[in-house]
Amino acid sequence: MRRERPTRGTVVSFAAIMLIVVASISPSQDSLEARATLLDLQVVAGDPEATSVSLAEWADSSGGYYTFRSAERVELRVPPDHLEALQPLLEATGDEIVLLAPATIDYRSELRDVEAGIVSRTESLDRVLSFLSSANVSATLAFERELRSLTQEIEFFEGRRRAIINDTRFARVTVRLSVRSRSVPADLPSSFGWINGLSLYRFIDRLNEEGRR
Amino acid sequence: MKQLAISFAAALLLGACAATPSVNTPEGFAGFPADESVLAVSPEGVGFEVTVTPNEPVQDLEFWTEALERHMIDSGYLLYERSSFESRVAGGNAFEWLAPVGEEDWLYLTAIVVVDDSVLIAEAAGPYEFYRQHRDAIHAAMETMGL
Chain Z
1 MRRERPTRGT VVSFAAIMLI VVASISPSQD SLEARATLLD LQVVAGDPEA
51 TSVSLAEWAD SSGGYYTFRS AERVELRVPP DHLEALQPLL EATGDEIVLL
101 APATIDYRSE LRDVEAGIVS RTESLDRVLS FLSSANVSAT LAFERELRSL
151 TQEIEFFEGR RRAIINDTRF ARVTVRLSVR SRSVPADLPS SFGWINGLSL
201 YRFIDRLNEE GRR
Chain X
1001 MKQLAISFAA ALLLGACAAT PSVNTPEGFA GFPADESVLA VSPEGVGFEV
1051 TVTPNEPVQD LEFWTEALER HMIDSGYLLY ERSSFESRVA GGNAFEWLAP
1101 VGEEDWLYLT AIVVVDDSVL IAEAAGPYEF YRQHRDAIHA AMETMGL
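Protein chains in written order, with the working numbering: chain Z, 1 to 213; chain X, 1001 to 1147.
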């Protein structure tokens, strides 16, 4: 197969594309809070499907969205300042929140590293581009490889940066739904005698017996 | 010599019996005399009991924790929370489970501490709202478990 030699025009076009890529992914200087909010809820619902639908609708109306929805689990992304409305919403439907576990992730350190990575690779890219116009054919090929590699790294860092920013703008909410009228746990035999003795219903019977004494 | 042999036999017998557990009554609970256990009940009916059983076959906390967790999940209990604590005698692991009792949701605690040839077992249970009210007191009492 005949390989076409890159002309000076090709090199200039390639350099121009690289410059556009770099411009579009250069880091902003916005100061970010860079803290992400996570909220894990376990909800006992009378009608898990209806609760699941209303949670997804609530996420939409709050300026967020849902990433997964079923009658067992809903994953939402909502602006953190809307989270206060979640508990009253669930309680209004008669559902019971049995676990509410908020958490925070501090991304400041990682964000600094990501932005430093973008800056250093952008500077390297600029240097390579400045050499490109005066390079011969073999050097141009080497520069192209280097440019691709740097661009990929910058895109990776920029993707991570976008993910962090998204995590700080939208709290990640996971709601696990269980049915109120779920079946009573069974007395399964264990190989270990004392474990067989552990049962909520046996414990209640024992309390009642002691109470009658 | 005969006296020594009797003392040795008595010591062996004592060693074979499970030791008696000790634990502080959770705040807000009333203690009840019970056979081979420590039992306490809150005015709302939340129960708390500590028993002791021989560590047979001899295993460590990690083993018994996994066996207990697997058994309860396979039985159909819904895991509410898992935690670790330090008792008077050793570290322990606790599970709190959700299960229905009639129309109510109940929380049921199972906690274990392994001490040489004994396993200390704490159980507590009550309707969700009442259990939550006493949860801190129950956990504080678990830290006083001993033999």
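Using N, Cα and C, we set each Cβ at its ideal position, and we do this for glycine too.
Have a look at X:Val-1050, X:Glu-1027, X:Ser-1042 and X:Arg-1082 and flag the residue whose alpha-carbon is nearest the alpha-carbon of Arg-1034 of chain X.
As a working note, residue 1034 of chain X is residue 34 in the second sequence. A quick correction: the sequence has Ala, not Arg, at residue 1034 of chain X. It is X:Val-1050.
Taking C-alpha atoms, which residue in Z:Thr-93, Z:Phe-68, Z:Trp-58 and Z:Ala-103 lies nearest to His-82 of chain Z?
Counted from its first residue, the first sequence places residue 82 of chain Z at position 82. Answer by Cα proximity: Z:Trp-58.
If we cut at 8 Å on Cβ distances, does Ile-1006 of chain X have a partner in chain Z?
Translated into positions along the second sequence, residue 1006 of chain X becomes position 6. Residue placement at Ile-1006 of chain X is flagged as unreliable, the pLDDT there being 38, under the threshold of 50; the coordinate-derived value follows with that caveat. No, because no Cβ of chain Z sits closer than 8 Å to the Cβ of Ile-1006 of chain X.
Can you confirm whether Glu-1036 of chain X, when its beta carbon is compared against all beta carbons of chain Z, has any partner nearer than 8 Å?
To locate residue 1036 of chain X, count along the second sequence from 1; it is residue 36. Judged by the 8 Å Cβ criterion, Glu-1036 of chain X is not in contact with chain Z.
Could you tell me whether the Cβ of Trp-194 of chain Z comes closer than 8 Å to any Cβ of chain X?
Indexing the first sequence from 1 puts residue 194 of chain Z at position 194. For Trp-194 of chain Z, the answer is yes, since a Cβ of chain X falls inside 8 Å of its Cβ.
Limits of the unbroken beta strand (DSSP E) element including Thr-67 of chain Z
Counting from 1 along the first sequence, the entry for residue 67 of chain Z is found at position 67. 65-69 is the extent of the beta strand (DSSP E) around Thr-67 of chain Z.
Can you confirm whether Met-1085 of chain X, when its beta carbon is compared against all beta carbons of chain Z, has any partner nearer than 8 Å?
Position 85 of the second sequence, counting from 1, holds the residue named residue 1085 of chain X. Before going on, a small fix: residue 1085 of chain X reads as Phe here, not Met. Not closer than 8 Å to any Cβ of chain Z, the Cβ of Phe-1085 of chain X fails to qualify, so no.
Suppose the cutoff is 8 Å on Cβ atoms and the five residues either side in sequence are ignored; what does the same chain contact list for Gly-1076 of chain X look like?
Numbered from its first residue, the second sequence carries residue 1076 of chain X at position 76. Cβ-Cβ distances below 8 Å link Gly-1076 of chain X to Ala-1099 in the same chain, with the five nearest sequence neighbours on each side left out; the list follows chain order.
Delimiting residues of the beta strand (DSSP E) encompassing Ala-1094 of chain X
Translated into the one-based positions of the second sequence, residue 1094 of chain X becomes position 94. Here the beta strand (DSSP E) through Ala-1094 of chain X covers 1091-1101.
Give me whichever residues DSSP pairs with Glu-1053 of chain X in a beta bridge.
Counting from one through the second sequence, the residue named residue 1053 of chain X turns up at place 53. One point to set straight first is that residue 1053 of chain X is Thr, not Glu, in the sequence displayed. Per DSSP, X:Val-1119.
In this structure, how does DSSP classify Arg-73 of chain Z when only helix, strand and coil are distinguished?
As a first step, residue 73 of chain Z is located in the first sequence; it is residue number 73 there, counting from the start. Arg-73 of chain Z: strand per DSSP, three-state reduction.
Kindly list, in the order they appear in chain Z, the residues whose Cβ is closer than 9 Å to that of Val-1119 of chain X.
As a working note, residue 1119 of chain X is residue 119 in the second sequence. Under the 9 Å cutoff, chain Z gives Trp-194.
Option nearest Leu-125 of chain Z by Cα separation, candidates Z:Leu-38, Z:Ser-61 and Z:Leu-150:
Along the first sequence, read from residue 1 onward, the residue named residue 125 of chain Z stands at position 125. Of the listed residues, the one whose Cα sits closest to Leu-125 of chain Z is Z:Leu-150.
Beta-carbon within less than 8 Å of Val-1023 of chain X's beta-carbon, same chain only, minus the 5 sequence neighbours each way: which residues are those?
Numbered from 1 along the second sequence, position 23 holds the residue referred to as residue 1023 of chain X. For Val-1023 of chain X, where only same-chain residues beyond five positions count, the Cβ hits under 8 Å are Val-1038, Val-1050, Ala-1122, Ala-1141, Met-1142, Thr-1144, Met-1145 and Gly-1146.
Taking 8 Å as the cut-off, decide whether the C-beta atoms of Thr-37 of chain Z and Ala-45 of chain Z are in contact.
Indexing the first sequence from 1 puts residue 37 of chain Z at position 37. Indexing the first sequence from 1 puts residue 45 of chain Z at position 45. With respect to Ala-45 of chain Z, Thr-37 of chain Z sits apart: the two C-beta atoms are not nearer than 8 Å.
Identity of the residue in Z:Tyr-201, Z:Ser-54, Z:Gly-64 and Z:Leu-100 nearest Val-43 of chain Z by Cα
Locating residue 43 of chain Z in the first sequence gives position 43, counting from the first residue. Considering only alpha carbons, the answer is Z:Leu-100.
Buried or exposed (CB count within 10 angstroms, at least 16 for buried), Gly-63 of chain Z:
Against the first sequence, residue 63 of chain Z aligns to sequence position 63. Flag for Gly-63 of chain Z reads exposed.
For Leu-133 of chain Z, is the classification buried or exposed, using 16 other Cβ atoms within 10 angstroms of its Cβ as the cut-off for buried?
Here residue 133 of chain Z corresponds to residue number 133 of the first sequence, with the count starting at 1. The sequence shown places Ser at residue 133 of chain Z, not Leu. When all chains shown are included, Ser-133 of chain Z counts as exposed.
Assign Ala-139 of chain Z to one of three DSSP states: helix, strand, or coil.
The count along the first sequence starts at 1 and reaches residue 139 of chain Z at position 139. Helix at Ala-139 of chain Z.
Glu-91 of chain Z at chain X interface by Cβ criterion, 8 Å:
Here residue 91 of chain Z refers to the residue found at position 91 when the first sequence is read from its first residue. Cβ-Cβ to chain X under 8 Å: no for Glu-91 of chain Z.
Using a beta-carbon distance below 8 Å, is Ser-120 of chain Z in contact with chain X?
By 1-based counting over the first sequence, the position of residue 120 of chain Z is 120. Output row for Ser-120 of chain Z: interface = no.
So, is the C-beta of Ala-1099 of chain X closer than 8 Å to a C-beta in chain Z?
Taking the second sequence and counting its residues from 1, the one referred to as residue 1099 of chain X is at position 99. With 8 Å as the cut-off, Ala-1099 of chain X counts as an interface residue toward chain Z.
By how many angstroms is the C-alpha of Val-1114 of chain X removed from the C-alpha of Thr-104 of chain Z?
Along the first sequence, read from residue 1 onward, the residue named residue 104 of chain Z stands at position 104. Along the second sequence, read from residue 1 onward, the residue named residue 1114 of chain X stands at position 114. So the two alpha carbons sit approximately 34 Å from each other.
Give the single residue among Z:Asp-60, Z:Asn-166 and Z:Ser-199 whose Cα lies nearest to the Cα of Met-1072 of chain X.
The residue given as residue 1072 of chain X occupies position 72 in the second sequence. That would be Z:Ser-199, whose Cα lies nearest to the Cα of Met-1072 of chain X.
Quick check: the Cα distance between Val-53 of chain Z and Val-98 of chain Z, rounded to an integer number of angstroms?
Position 53 of the first sequence, counting from 1, holds the residue named residue 53 of chain Z. Position 98 of the first sequence, counting from 1, holds the residue named residue 98 of chain Z. In a straight line, the C-alpha of Val-53 of chain Z is about 19 Å away from that of Val-98 of chain Z.
Tell me, please, whether the CB atom of Asp-187 of chain Z is closer than 8 Å to any CB atom in chain X?
The residue you call residue 187 of chain Z lines up with position 187 of the first sequence. Yes, because at least one Cβ of chain X sits closer than 8 Å to the Cβ of Asp-187 of chain Z.
Considering Cα atoms alone, identify which of Z:Asp-40, Z:Glu-72, Z:Ala-34 and Z:Leu-76 is closest to Val-179 of chain Z.
Locating residue 179 of chain Z in the first sequence gives position 179, counting from the first residue. Cα-wise, what sits closest to Val-179 of chain Z is Z:Glu-72.
Would the beta-carbon of Val-1046 of chain X fall within 8 Å of that of His-1134 of chain X?
As a first step, residue 1046 of chain X is located in the second sequence; it is residue number 46 there, counting from the start. As a first step, residue 1134 of chain X is located in the second sequence; it is residue number 134 there, counting from the start. Between Val-1046 of chain X and His-1134 of chain X, the gap from beta carbon to beta carbon is short of 8 Å.
On the DSSP bridge list, what partners appear for Ile-1112 of chain X?
One-based indexing of the second sequence puts residue 1112 of chain X at position 112. Its beta-bridge partners are X:Asn-1093 and X:Ile-1121.
Against chain X, with Cβ distances strictly below 8 Å, would Glu-146 of chain Z count as a contact?
The residue labelled residue 146 of chain Z in the question sits at position 146 within the first sequence. For Glu-146 of chain Z, the answer is no, since every Cβ of chain X falls outside 8 Å of its Cβ.
Tell me which same chain residues have a C-beta within less than 7 Å of the C-beta of Ser-70 of chain Z, skipping the five on either side of it?
In the first sequence, residue 70 of chain Z corresponds to position 70, counting from 1. Same-chain partners within the cutoff: Ser-52.
Starting from the beta carbon of Val-1041 of chain X, find every residue of chain Z whose beta carbon is closer than 9 Å, and list them in chain order.
Looking up residue 1041 of chain X in the second sequence gives position 41. Under the 9 Å cutoff, chain Z gives Leu-207, Glu-210 and Gly-211.
Please look up how many angstroms separate the CB atoms of Thr-1025 of chain X and Ala-1040 of chain X, rounded, as I've assumed it's under 8 Å.
Translated into positions along the second sequence, residue 1025 of chain X becomes position 25. Translated into positions along the second sequence, residue 1040 of chain X becomes position 40. Indeed, because the Cβ distance is near 5 Å, the residues count as touching under 8 Å.
Within chain Z, partners of Thr-1110 of chain X - CB distance below 8 Å:
As a working mapping, residue 1110 of chain X is identified with position 110 in the second sequence. Those are Leu-198, listed as they occur along chain Z.
Three-state secondary structure (DSSP) at Pro-1033 of chain X?
As a working mapping, residue 1033 of chain X is identified with position 33 in the second sequence. Reduced to three states, the DSSP call for Pro-1033 of chain X is strand.
Could you tell me how far apart the beta carbons of Arg-161 of chain Z and Arg-77 of chain Z are, in whole angstroms, since I believe they sit closer than 8 Å?
Translated into the one-based positions of the first sequence, residue 161 of chain Z becomes position 161. Translated into the one-based positions of the first sequence, residue 77 of chain Z becomes position 77. 17 Å between Cβ atoms; not a contact.
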